[in-house]
Amino acid sequence: QIMKQVPLRFDLKTLHIPTYSAEKLSSMKDMDWNDFLQQVCLLLDSTEKNTGAARSKLNLLYYLCTVAVHKEVASRLISSQLFPILIQQLRAAANWDIRAKVAQVIGLLALHTSELGENVPVSEAIILLTELIRENFRNSKLKQCLLPALGELLYLIASEEEKREHPRECWVVPLAAYTVLMRCLREG
144 QIMKQVPLRF DLKTLHIPTY SAEKLSSMKD MDWNDFLQQV CLLLDSTEKN
194 TGAARSKLNL LYYLCTVAVH KEVASRLISS QLFPILIQQL RAAANWDIRA
244 KVAQVIGLLA LHTSELGENV PVSEAIILLT ELIRENFRNS KLKQCLLPAL
294 GELLYLIASE EEKREHPREC WVVPLAAYTV LMRCLREG
């Protein structure tokens with residue numbers, strides 16, 4: 144079943160970082176980019192457990208969804224220190240709304256990135272998404288949030304391997320990922 148996409152809206156007033164457009168982010172000098180990225184990572188990596196902190200993280204993730212559709216921004220974000228923090232949030236966030244939105248950001252980054260560095264921990268993201276789908280297999284809403292990200296990461300790896308003259312196995316895809324994917328396709 145295909146879910147209808149809800150328009151992505153973030154609240155400018157409650158976002159605790161400057162809200163640059165994707166075009167502005169793609170043309171930023173390294174120093175400004177690093178400052179921006181550090182603010183994003185600090186906000187996302189915050190360990191506060193109150194409702195306001197969760198709402199603030201969700202708002203930031205909505206913003207990241209809007210800028211992740213720009214190829215240059217997606218490529219810079221997926222290769223940055225943000226990607227491991229997204230994986231950590233996917234693993235540890237108590238709030239499933241945050242996990243679902245993190246999965247969407249990861250999927251958008253994978254879809255729109257133009258190049259993937261060998262040091263990007265894509266395999267770790269695939270393993271985690273596979274585990275989460277397997278553990279929550281009967282939860283169809285959650286599966287619908289996690290499967291697109293898994294599919295985009297698998298496609299990204301396949302297309303990156305195809306581009307290279309001498310493909311090396313930089314990104315290991317566990318057999319369980321294919322098994323879970325096939326089971327989802329078979330059983331829905």
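In this note's numbering, the protein residues as written are 144 to 331.
Note that CB positions come from ideal geometry on N, CA and C, so glycine has one too.
Cutoff 8 Å; reference residue i; Cβ partners in own chain excluding five residues on either side
i, result
"Gln231", "Asp188"
"His213", "Ala165, Glu166, Leu168, Ser169 and His255"
"Gln224", "Leu180 and Cys184"
"Asn202", "Phe153, Asp154, Thr157 and Leu158"
"Leu328", "none"
Sub-9 Å separation of residue i and residue j beta-carbons
i, j, result
"Ala236", "Lys286", "no"
"Leu275", "Arg326", "no"
"Leu272", "Ala301", "no"
"Val248", "Leu289", "no"
"Trp176", "Leu259", "no"
"Ala320", "Leu299", "no"
"Asn262", "Ser222", "yes"
7 Å CB neighbourhood of residue i in its chain, flanking five on each side removed
i, result
"Tyr206", "Phe153, Leu158 and Thr162"
"Glu330", "none"
"Leu210", "Note that residue 210 is Val in the sequence shown, not Leu. If we look at Val210 and ignore the five residues flanking it on each side, its Cβ neighbours are Ala165, Leu168 and Val216."
"Ser218", "Thr256, Ser257 and Glu258"
"Val323", "Thr273, Ile276 and Arg277"
"Leu229", "Val245, Val248 and Ile249"
Best match in the options for proximity to residue i [C-alpha to C-alpha]
i, options, result
"Pro227", "Pro264, Ile270, Ser218 and Leu252", "Pro264"
"Asp173", "Leu220, Thr322 and Leu233", "Leu220"
"Trp239", "Ala197, Phe280 and Glu261", "Ala197"
"Gly250", "Glu295, Glu303 and Glu278", "Glu295"
"Leu233", "Ile269, Glu305, Glu261 and Ser222", "Ile269"
"Pro317", "Glu305, Ser266 and Arg281", "Ser266"
"Cys208", "Gly195, Lys244 and Ile160", "Lys244"
Local conformation of residue i per DSSP, three classes
i, result
"Gly250", "helix"
"Arg329", "helix"
"Cys184", "helix"
"Phe153", "coil"
"Tyr163", "coil"
"Cys313", "coil"
"Gln224", "coil"
"Pro264", "coil"
"Val212", "coil"
"Leu158", "coil"
"Ala237", "coil"
Own chain residues within Cβ distance below 6 Å of residue i, not counting five before or after
i, result
"Pro291", "Gly250"
"Leu293", "Leu272"
"Lys284", "none"
Residue i: CB within 8 Å of a non-hydrogen atom of the ligand COA
i, result
"Leu225", "With respect to the ligand COA, the structure shown offers nothing to examine, as it has no ligands at all."
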